[in-house]
Amino acid sequence: MLILECPYCGVKAEETELHAGGEAHLKRFGPGSSDDDFHDYLFMRENPKGVHFERWRHINGCGKWFHAARCTMTLEVFGTYSAQTYEPPQDIRDAISAKRPDWSWREFK
């Protein structure tokens with residue numbers, strides 16, 4: 001079972017107490033964007049075998065959204081952090097690099 005720690009209230013919750021919100025760090029496009037940009041925003045998602053960054057909501061707790069870095073093959077959690085960030089924190093990227101030196105996810109390494 002997947003267990004994530006909410007970075008806001010500090011509770012370690014099982015995935016049944018959380019709600020998955022899909023891929024984290026999506027680039028949203030404004031009103032002047034092209035149809036292709038909007039299409040990619042709606043439908044094109046990463047689905048990696050390995051390190052992945054996701055959005056989660058603590059529905060049976062504080063109710064806040066947060067991001068989690070985890071491995072999709074082993075369910076190993078590298079860390080959780082605030083959803084109000086544009087990229088994963090350096091300490092989480094360092095933790096991933098320590099265990100998986102050759103990882104990459106989009107522009108993050």
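With the working numbering applied, the sequence shown covers 1 to 109. Idealized CB from N, CA, C, for every residue including glycine.
Strand pairing of residue i, partner residues [DSSP]
i	result
THR80	ALA68
ILE3	GLU14
HIS52	ARG70
HIS19	ARG57
Under 8 Å between C-beta atoms of residue i and residue j
i	j	result
HIS25	TRP56	no
PRO7	PHE66	yes
VAL51	ILE3	no
CYS9	HIS58	yes
ALA68	THR80	yes
Backbone CA spacing between residue i and residue j [nearest angstrom]
i	j	result
GLY22	ARG106	15 Å
LYS12	GLU46	26 Å
ASP91	GLU17	26 Å
GLY30	TYR41	11 Å
THR74	LYS49	10 Å
ARG70	SER33	31 Å
CYS62	ASP94	28 Å
Where the beta strand (DSSP E) through residue i begins and ends
i	result
ASP93	A small correction: the amino acid at residue 93 is Arg; Asp does not occupy that position in the sequence shown. Careful: ARG93 lies outside any beta strand (DSSP E), inside the alpha helix (DSSP H) at 90 to 99.
PHE29	Segment: none, PHE29 is in no beta strand (DSSP E) and carries neither H nor E.
Terminal residues of the alpha helix (DSSP H) in which residue i lies
i	result
HIS39	35 to 43
Residue i: CB within 7 Å of a non-hydrogen atom of the ligand SAM
i	result
PRO88	No copy of the ligand SAM occurs in the structure displayed, which carries no ligand at all.
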